[in-house]
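Those letters in the sequence shown? Residues 87 to 217, by the numbering used here. The C-beta atom is built at its ideal place from N, Cα and C for all residues, glycine as well.
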Amino acid sequence: MRKGRWETVTQAAEIPATAAEARNRVHDLLHAHPEPLDEVMLIDALLITSELVTNARRHAGGVTAFVARITGNRLEIRVEDPSPHHPANTSRNSPGDIGGYGWPMVCQLATAIDITPTSQGKAITVVLQLR
Numbered sequence: 087m088r089k090g091r092w093e094t095v096t097q098a099a100e101i102p103a104t105a106a107e108a109r110n111r112v113h114d115l116l117h118a119h120p121e122p123l124d125e126v127m128l129i130d131a132l133l134i135t136s137e138l139v140t141n142a143r144r145h146a147g148g149v150t151a152f153v154a155r156i157t158g159n160r161l162e163i164r165v166e167d168p169s170p171h172h173p174a175n176t177s178r179n180s181p182g183d184i185g186g187y188g189w190p191m192v193c194q195l196a197t198a199i200d201i202t203p204t205s206q207g208k209a210i211t212v213v214l215q216l217r
């Protein structure tokens, strides 16, 4: 397997306006990878991207930075937002409850997660093993 690094780093003016835009960037990054990637992993990566950006926009004041990169056989997605608070792991009280499924799903799909305080909020970095 060819080792290398591919990335999409966005500056303030290029922060994805929507989860769909962020997914498109990750999709393009993954499809630029020289090795064929597992379809389930591709779907997981897009789902994680969507959840991170949606949660930042809905619960944390918006996205202040977005980075997606491939290093070796790992995809790293980092979303920064202005809130210092960690995502909530809400418990489902009844089958009809709406919402609260995204973060637990990200935690289950990710190879690793790091939440780091920043001077203006936090950065959530999710790593997914490419296969």
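If you count every other CB in all the chains shown that lies within 10 Å of the CB of residue i, and 16 or more means buried, which is it?
i	result
residue 214	buried
residue 126	exposed
residue 151	buried
Out of the options, point me to the one whose CA is closest to residue i's CA.
i	options	result
residue 130	208, 196, 200 and 205	196
residue 194	201, 207 and 212	212
residue 207	192, 190, 165 and 191	165
residue 209	172, 191 and 117	172
residue 105	120, 143, 118 and 204	143
residue 134	200, 217, 201 and 192	192
residue 204	107, 175, 170 and 120	170
residue 190	174, 123 and 103	174
Going by the beta-carbon positions, is the gap between residue i and residue j smaller than 8 Å?
i	j	result
residue 163	residue 132	no
residue 186	residue 140	no
residue 149	residue 101	yes
residue 115	residue 156	yes
residue 234	residue 168	Given a span of 87 to 217 for the chain in the structure shown, any question on residue 234 remains unanswerable.
residue 109	residue 136	yes
Is DSSP giving residue i helix, strand or coil here?
i	result
residue 188	helix
residue 216	coil
For chain C, is any of its Cβ atoms less than 8 Å away from the one on residue i?
i	result
residue 154	Structure shown: chain C not included; a single protein chain is present.
- Task: Just list the beta strand (DSSP E) runs in the region 105-183, keeping only unbroken ones of 3 residues or longer that don't cross its boundaries, in chain order.
- Result: 151-157 and 160-167
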